[in-house]
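Counted from 1, the sequence shown has number 475 at position 477 by the working numbering; the numbering is strictly sequential.
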Amino acid sequence: MPFKISLFLLCSWLIGFIPLFSQHNPNNQNLYTLLEKGDFLEQNHQFVEALDTFKELVKIAESTNNYQFLSEGMLKIARMHTLKNDFSTALRYLQQTDKINELVNNTPIKIKILLEYAFLHQKMGYWKESERYAQEALQLSKTTTQKNLISQSYLQLAQLSSQLKNYQYAEIYIQQAFTFVEVQKNLTIYHQILKNSAEIYAQQDLKEKAQTEYEQLISQLIKQKKYGFAARSLCELYSLDQKLNTLEQALQYASKAENKTLQTQVNLLLLEYYTLKKDKEKAKTYLLQLNEKEIQTLSTEIIIQYYQQLSQYQRLQNQHQEALQSLLKAQTLQDSTTKAIENERLVGMNIRYEAEKSLYEYELLSKQKQQLEQQNKEQQYQLDIKQYTLYLSLMSIVTILFITRSIYTKLSQTQKAVKESHQQATQLRQELKILNSDMDTFLYKASHDLKGPLASMEGITNLALIESAQSEMSHYFLMQKRTIKEMEILLMKLIEIGEVRNHNTHTTTIPMKRVVDKTIKSMKKEPHYPFFNFKVDIDEKQEIYSDIEMLDIILSNIIKNAIENIKEDDIEYQPIIYVKSHKESNCLIIRVHDNGKGIAPEMMAKMFTIFQKGTNHGGNHGLGLYKAKVAASRISAKISIVDTEWKTTFEVSIPTLS
């Protein structure tokens, strides 16, 4: 049974590739040329020549088994017969095309067949059936990548809504057609949409909008040298503006197109124009250009139009008897045409009924066939059970092997994850140990350094009580004030470190050059600031996404440390602080260089430890660089001292968050 399924899938796959094989046929170029020629003749309303061209296309495609072009050609022939009101013939061609397409299951061709069914039923006056086919084509076209087919489906719905005077829906469908049309791939569809848009506006008596659409269409057609289509569009524009210039242009482009049928139609309109203007001489000029014998070979519609215009001209010439005879000829042809159309509708519906009846009988036979097949399936059931059992056994073995492999892989991943977790736990324990050490040192130093100023205050106060001289008391009280101030500064710094530890980071885009310049300016109150030469090498456009408050704390404490370590005993010494930054991988690297006293090797490892003093400078409590380190940890940055040609270089590595 699995073998049968595989064979069926293989056959289906090969059948699906039939259109692809046919594309390599050497006759393809000739077929494509015939298709383009037929389309050109159809657009110029040369239906007889177009029909002959499409028949030749079908003949060649049939002889070469080219189903793609065969279907296209038969659809075009069906369209020609629909335009001639030969509905029964059009319906037969559509049914044959549908059967051919069942062999190759070509979705785009199926959509075109549905659109032709919709157009045929629209011409026959069966509006509901026409809408059903158009909606079905639209839904099917949305499953493909061919936007032009979606556009054609919307265009068909717009035409139908326009005939039913549902102009609101017609405009919506036209807008949808404009949305999906691919102008570069199929300019003809775009022109049809423009034409139908103009017609919808004209039917609503929105003349200005209709004229705008026609003018845009005509301009494009002339650029494309589609003179016949341009002439026909000018004739339709004339029905709105009633301008002689429009008809003269139409006659000019009809002559360029060398389309006698179109020239005849334009001459008839010119005859009508001058007849209405009662210009007998001009009317006679255009009447003489019309040959009644040649007109009799054209379509019934043109013949009727000829007799109607001839009747009007004869009335202008006071030839009332002749005018009446011409009008009777036109009426007789009109009646016979209407009757023929009605007969074609009936014949078409009869063919449709017979087709539906045949389909019903086919479905009955199919059900009987299914019943027989079901009986065969039941007899085959026992044999299939054995085959399926073997198949399931093999699948079970493969599944067990797959599950075993998956379990082994997951165990390996789990072991790796456990190992990584162990490493992370070890690292966390080490960090916690360092933090505890820092905290112990902090508590000890805090209690010791706070106790000292308090003891000093007590001693100074006692001395102030013993002394009686006013000047001596002022001196002691001044000493007491400085001591209290020092203690207050120390307490404030400790509070600031606590705030940094508990800071909730707020990331934003930071312009680096502006932040560094601002930090340097904030150092102006430092005693040695005026002696320093600051150099900043940072691109104006350089930015980082981080916490600006923590970044400012890091930079200000590093720069302040450099200012405090000035060489005061060197007369020729020129203090320099040099700040530069660059991007490296996923980090922004900031380096602060100075040429101060430098750092002793034994002090390198302790520089970021709490209460570690690098100098005995007054007011230095050993908290600045520790505070910078705490701030760096809040934004996942790293701060270190690196070896360069400068005396001291601090490097800050900040990850670029996003």
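Ideal Cβ placement from N, Cα and C applies to all residues, glycine included.
Here the structure is a predicted model, which means the values were calculated and not measured.
Taking a contact as a CB-CB distance under 8 Å, the pair residue 194 and residue 172 counts as one, their CB atoms being some 6 Å apart.
Fewer than three beta-carbon pairs drawn from the segment 61 to 73 and the segment 274 to 285 are found closer than 8 Å, and the two stretches are therefore not classed as touching.
Beta-bridge analysis with DSSP links residue 152 to no other residue.
Setting aside the 5 residues that flank it on each side, residue 307 is surrounded in the same chain by 266, 269, 270, each with a C-beta closer than 6 Å to its C-beta; the list follows chain order.
Closest by C-alpha distance to residue 33, out of 75, 63, 43, 62, is 75.
Boundaries of the beta strand (DSSP E) harbouring residue 580: 574 to 582, taken from the DSSP string. Sequence-distant partners of residue 219 (beyond 5 residues in either direction) whose C-beta falls short of 8 Å from its own C-beta, in its chain, are 189, 225, 227, 228, 231. Residue 573 is not a Cβ neighbour of residue 532, given a cutoff of 7 Å. A direct Cα-Cα distance of roughly 38 Å separates residue 328 from residue 133. Rounded to the nearest angstrom, the gap between the Cα atoms of residue 301 and residue 196 is 27 Å. Taking C-alpha positions only, residue 143 is separated from residue 377 by approximately 45 Å.
The alpha helix (DSSP H) runs lying completely inside the segment 213 to 256 and spanning 4 residues or more are 225 to 239, 242 to 254, given in chain order. If you draw a 10 Å sphere on the C-beta of residue 592, you find 16 or more other C-beta atoms in it, and that means buried. Residue state for residue 117 is assigned as helix, using DSSP reduced to three classes.
Residue 49 is not a Cβ neighbour of residue 72, given a cutoff of 7 Å. A distance of 7 Å or more separates the beta carbons of residue 148 and residue 160. With respect to the 7 Å criterion, residue 509 and residue 585 are not classified as neighbours on the basis of their beta carbons.
Within its own chain, the residues whose Cβ lies closer than 8 Å to the Cβ of residue 141, once the five positions on either side in sequence are excluded, are 105, listed in chain order. Counting along the chain, residue 45 sits inside the alpha helix (DSSP H) bounded by residues 45 to 61.
Taken through DSSP and simplified to helix, strand or coil, residue 567 comes out as coil. Taking the Cα positions, residue 535 is about 20 Å away from residue 522.
According to DSSP, residue pairing for residue 107 in a beta bridge does not occur.
If you draw a straight line from the Cα of residue 326 to the Cα of residue 98, it is about 47 Å long. The beta carbons of residue 111 and residue 95 sit closer together than 7 Å.
At a Cβ-Cβ threshold of 7 Å, residue 594 and residue 560 count as neighbours.
If the five residues before and after residue 167 are omitted, its C-beta is found closer than 7 Å to the C-beta atoms of 159, all from its own chain and listed in chain order.
In the displayed model, residue 83 falls within coil according to three-state DSSP, outside both helix and strand. Boundaries of the beta strand (DSSP E) harbouring residue 590: 585 to 592, taken from the DSSP string.
For residue 648, the enclosing beta strand (DSSP E) covers residues 646 to 653. Of all alpha-carbon atoms in 109, 538, 514, the one lying nearest the alpha-carbon of residue 547 is that of 514. Take the alpha-carbon of residue 120 and the one of residue 146: they are about 21 Å apart. The three-state reading of DSSP puts residue 297 in coil, since its state is none of H, G, I, E or B. For the 7 Å CB-CB criterion, residue 587 and residue 544 do not form a contact. Listed as beta-bridge partners of residue 528 by DSSP are no residues whatsoever. For residue 258, the uninterrupted alpha helix (DSSP H) segment begins and ends at 258 to 274.
Here the alpha carbon of residue 184 sits roughly 33 Å from the alpha carbon of residue 242.
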